[in-house]
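Protein chains in written order, with my numbering: chain A, 4 to 260; chain B, 181 to 662.
Glycine is no exception: its CB is placed at the ideal position from the N, C-alpha and C atoms.
Some notes on the structure that comes next.
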Ligand code: SF4
């Protein structure tokens, strides 16, 4: 297993990816391995606790968050393929655990969590895919937690260009929320769906062939609407898009990365 | 003041939101108006750094003011008194209403058959305490003189935005309103003419009014000065033309020094309307002096508590009192931009409303509105005094969840089950596997997520299972992996 030159990283797959979108999780792992990481996936991980935390059930959130803290014993980075969960770890754990015996561990974990696109961007520094002459633009939806929570506005665009060579863009009013918002989507479903509809219209208006996002929560709402309205556009996790692009490339060149 | 209850008989937030969502026109109104205001704000802050500097400075001043609130209020009272402004304290909205009515009745001579005429500058504090209703119940006649407020009053509605009260109305609606409600007014959709018509009506009333009532943007302690910002001149007229001026001021509006004013002014007007400064900046420091030709003969300042002392003592929520009522959080809120202010069913809508209304009128009365937030963070980012609005909305959710009726309710049980399912990894792996294996049974429609969104279906295998297999494979073929 252990090859000296490999970089050890943990992957926290998130609860949504685990049951609904494991492809996004696997593609995350493939990408990391492709770029020289040794991926460790603690089997005891469940959920970062954000759904309960954001709904006002702090105690319950804490009970679930507590058990995640024990999983990352080595000082490796913890890569999270979700801006929302990454932001929960990074920003909310220190506050959530402020008066808790595990406060130090919480801070330590928080400091090691990196959202996937941010991690990939540093990992693939120097890698450049030649720009492609193609009409198949990629439109990226950046979640509010990535944009504001983590301050990672345009990372996806840079990453798409770098790894796929395809033109990447953002929709009009890119900073507008997609309407998902966790339990917000079921507590105020009409409002949430209306916001999602507006976001989908903006995404479709770009004429892009691919829709990607770093957050499966957003994708669940966006794809739900797109599918229901019979749209041709369908969103996927940015890891899945990038991994497919890389595979196509290596297949064409007949070389391994 | 309005008695909202959580009873099911009244339409709640969700029902009101659905009503707005059924009207594409109304949604477009809000969307365009908010986009316009956001644009104005963005161009008013030359760069992000400029904003952050002003924000830090403003936050510091307001925080300093809060840290010495009782002392500052005493200084304010003393200085105002020396200046000839009579200061009163009101603990509740009802007390403030009574007090104001008594001040008016003591000042204005009784005229048989002629109601006392009150003209008002824009003031959210008076909206908060329901002053117009109270005075009208006592036979007085109140007229709003801010154009937006005037329109809303004519339409018998309430403001839907704290800075732009009539933002929910289209010009066609205002044209119809004017032609129906104002004597000899032809229907016109020409906005300038509409404003002209409104001003004409108001102009006459300023001369006739017995009392002018205004709010206060900043009360400056060290000089005993009341600062009032506005763009239409109606604030100045309301506070100078009538013989009596009453200013209603939330106790959190006090700031230490006159020199604190410029940064606050700058950040407020830029955040609100994108202006570097408002057309009128009124600094009121006394009634008319003997050698002066105009101005009221008496100025009264009513310092309103109405729950503010409680907020002051609440460590988690005290930051709310920094609010300078700029409205930027509303303009940047994607929920507000969809449904506007009325759906909130409260005096203060939008993010600040979600934080402040449960504090003024109780979490039971305003619990549902705390749900109406996707925690996207846009409000917190633009708040010029750095109020962590998303955190505070979450805090309100926590307080709601702790209500006995809520902690015994359905949602609380769902979360208890959730803990069971996610706190025990072995158990979690079992049930998540079962869910994926029963994926064919998963419903096609799942209220309330549907009907406008397809329901996602569980995958064939969980990531946990696939990673287990993957690790095993890497172990066997491991040595020559890429
Ligand atoms: S909370 Fe902040 S952004 Fe909202 S009105 Fe108050 S000062 Fe303005």
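If you draw a straight line from the C-alpha of residue i to the C-alpha of residue j, how long is it?
i: residue 133 of chain A; j: residue 633 of chain B; result: 38 Å
i: residue 612 of chain B; j: residue 155 of chain A; result: 32 Å
i: residue 661 of chain B; j: residue 254 of chain A; result: At residue 661 of chain B, the pLDDT of 41 sits below 50, so the modelled position is not reliable and the matter cannot be decided from this model.
i: residue 440 of chain B; j: residue 398 of chain B; result: 10 Å
i: residue 158 of chain A; j: residue 121 of chain A; result: 7 Å
i: residue 279 of chain B; j: residue 270 of chain B; result: 8 Å
i: residue 334 of chain B; j: residue 227 of chain B; result: 40 Å
i: residue 219 of chain B; j: residue 289 of chain B; result: 49 Å
i: residue 179 of chain A; j: residue 321 of chain B; result: 44 Å
i: residue 173 of chain A; j: residue 66 of chain A; result: 38 Å
i: residue 355 of chain B; j: residue 377 of chain B; result: 10 Å
i: residue 408 of chain B; j: residue 246 of chain A; result: 59 Å
i: residue 238 of chain B; j: residue 244 of chain A; result: 45 Å
i: residue 161 of chain A; j: residue 152 of chain A; result: 19 Å
i: residue 37 of chain A; j: residue 30 of chain A; result: 10 Å
i: residue 186 of chain A; j: residue 57 of chain A; result: 8 Å
i: residue 363 of chain B; j: residue 206 of chain A; result: 49 Å
i: residue 468 of chain B; j: residue 291 of chain B; result: 24 Å
i: residue 230 of chain A; j: residue 116 of chain A; result: 33 Å
i: residue 41 of chain A; j: residue 72 of chain A; result: 21 Å
i: residue 589 of chain B; j: residue 524 of chain B; result: 23 Å
i: residue 55 of chain A; j: residue 603 of chain B; result: 13 Å
i: residue 269 of chain A; j: residue 98 of chain A; result: Any answer about residue 269 of chain A is impossible in this case: the structure gives chain A only from 4 up to 260.
i: residue 213 of chain B; j: residue 347 of chain B; result: 7 Å
i: residue 277 of chain B; j: residue 457 of chain B; result: 32 Å
Can the beta-carbon of residue i be found closer than 8 Å to that of residue j?
i: residue 324 of chain B; j: residue 352 of chain B; result: no
i: residue 535 of chain B; j: residue 504 of chain B; result: no
i: residue 402 of chain B; j: residue 436 of chain B; result: yes
i: residue 61 of chain A; j: residue 39 of chain A; result: no
i: residue 284 of chain B; j: residue 424 of chain B; result: yes
i: residue 410 of chain B; j: residue 301 of chain B; result: yes
i: residue 16 of chain A; j: residue 53 of chain A; result: no
i: residue 416 of chain B; j: residue 462 of chain B; result: yes
i: residue 583 of chain B; j: residue 570 of chain B; result: no
i: residue 638 of chain B; j: residue 625 of chain B; result: no
i: residue 78 of chain A; j: residue 628 of chain B; result: no
i: residue 497 of chain B; j: residue 585 of chain B; result: no
i: residue 517 of chain B; j: residue 210 of chain B; result: yes
i: residue 214 of chain A; j: residue 103 of chain A; result: no
i: residue 515 of chain B; j: residue 545 of chain B; result: no
i: residue 241 of chain A; j: residue 217 of chain A; result: yes
i: residue 75 of chain A; j: residue 83 of chain A; result: no
i: residue 414 of chain B; j: residue 326 of chain B; result: yes
i: residue 513 of chain B; j: residue 531 of chain B; result: yes
i: residue 296 of chain B; j: residue 428 of chain B; result: no
CB of residue i to nearest heavy atom of ligand 2: below 7 Å?
i: residue 527 of chain B; result: This structure does not include ligand 2; its bound ligands are ligand 1.
Got a sec: which bits of the stretch 59 to 72 of chain A sit with their beta carbon under 7 Å from any beta carbon on chain B, in order along the chain? 59, 60, 61, 63, 66, 67, 70
Under 9 Å (Cβ pairs) to chain A, residues found in the stretch 527 to 553 of chain B: Within the stretch 527 to 553 of chain B, the qualifying residues are 548, 550, 551, 552, 553.
Quick one: which unbroken alpha helix (DSSP H) runs of 4-plus residues sit fully inside the stretch 335 to 386 of chain B? Chain order, please. 351 to 361
Near-chain A residues of the stretch 578 to 593 of chain B - C-beta to any C-beta below 7 Å: Listed in sequence order: 578, 580, 581.
Please list the segments of the beta strand (DSSP E) lying wholly inside the stretch 442 to 523 of chain B, counting only runs of 3 or more residues, in order along the chain. 460 to 464, 478 to 484
List, from N- to C-terminal side, the alpha helix (DSSP H) runs of 4 residues or more that fit wholly inside the stretch 259 to 321 of chain B. Segments of the alpha helix (DSSP H) lying fully in the stretch 259 to 321 of chain B: 273 to 287, 304 to 309, 311 to 317.
Every unbroken beta strand (DSSP E) inside the stretch 37 to 122 of chain A [3 residues or more]: 40 to 43, 81 to 83, 116 to 118
Which of the residues in the stretch 187 to 200 of chain A, read from start to end, lie with their CB under 8 Å from any CB of chain B? Here the close residues are 187, 188, 189, 190, 191, 192, 193, 194, 195, 196, 197, 198, 199, 200.
Can you list, in chain order, the residues of the stretch 638 to 653 of chain B whose Cβ is nearer than 9 Å to any Cβ on chain A? 638, 639, 640, 641, 642, 643, 644, 645, 646, 647, 648, 650, 651
Counting only runs of 4+ residues fully inside the stretch 521 to 602 of chain B, write out the alpha helix (DSSP H) ranges in chain order. 530 to 541, 543 to 546, 558 to 562, 569 to 581, 584 to 587
Where the stretch 613 to 628 of chain B meets chain A: residues whose CB sits under 7 Å from a CB there: 615, 616, 628
Below 7 Å between beta carbons is the criterion; list the residues of the stretch 189 to 213 of chain B that meet it against any residue of chain E, in chain order. Of the chains in the structure shown, none is chain E; the protein chains are A and B.
When Cβ atoms are compared, which residues of the stretch 26 to 37 of chain A fall closer than 8 Å to chain B? 26, 28, 29, 32, 36, 37
Could you run through the stretch 146 to 169 of chain A and flag, in chain order, every residue whose CB is less than 7 Å away from some CB of chain B? 147, 151, 152
Continuous alpha helix (DSSP H) assignments of at least 4 residues falling wholly in the stretch 612 to 658 of chain B: Within the stretch 612 to 658 of chain B, the complete alpha helix (DSSP H) segments of 4 residues or longer fall at 643 to 657, listed in chain order.
Could you run through the stretch 170 to 186 of chain A and flag, in chain order, every residue whose CB is less than 9 Å away from some CB of chain B? Within the stretch 170 to 186 of chain A, the residues whose Cβ lies closer than 9 Å to some Cβ of chain B are 176, 178, 179, 180, 181, 182, 183, 184, 185, 186, listed in chain order.
Compile a chain-ordered list of the residues in the stretch 104 to 127 of chain A whose CB is closer than 7 Å to at least one CB of chain B. none
Please list the segments of the alpha helix (DSSP H) lying wholly inside the stretch 112 to 197 of chain A, counting only runs of 4 or more residues, in order along the chain. Counting only runs of at least 4 residues, the stretch 112 to 197 of chain A fully encloses the following alpha helix (DSSP H) elements, listed from N- to C-terminal order: 119 to 126, 158 to 167, 187 to 190.
Would you list, in chain order, the members of the stretch 37 to 49 of chain A that have their beta-carbon closer than 7 Å to a beta-carbon of chain B? Here the close residues are 37, 44, 46, 47, 49.
Just by C-beta distance, which residues in the stretch 228 to 245 of chain A are closer than 7 Å to chain B? 228, 230, 231
Relative to chain A, which residues along the stretch 514 to 525 of chain B have a C-beta separation below 7 Å, given in chain order? For the stretch 514 to 525 of chain B, the residues whose beta carbon sits under 7 Å from a beta carbon of chain A are, in order, 514, 515, 518, 519.
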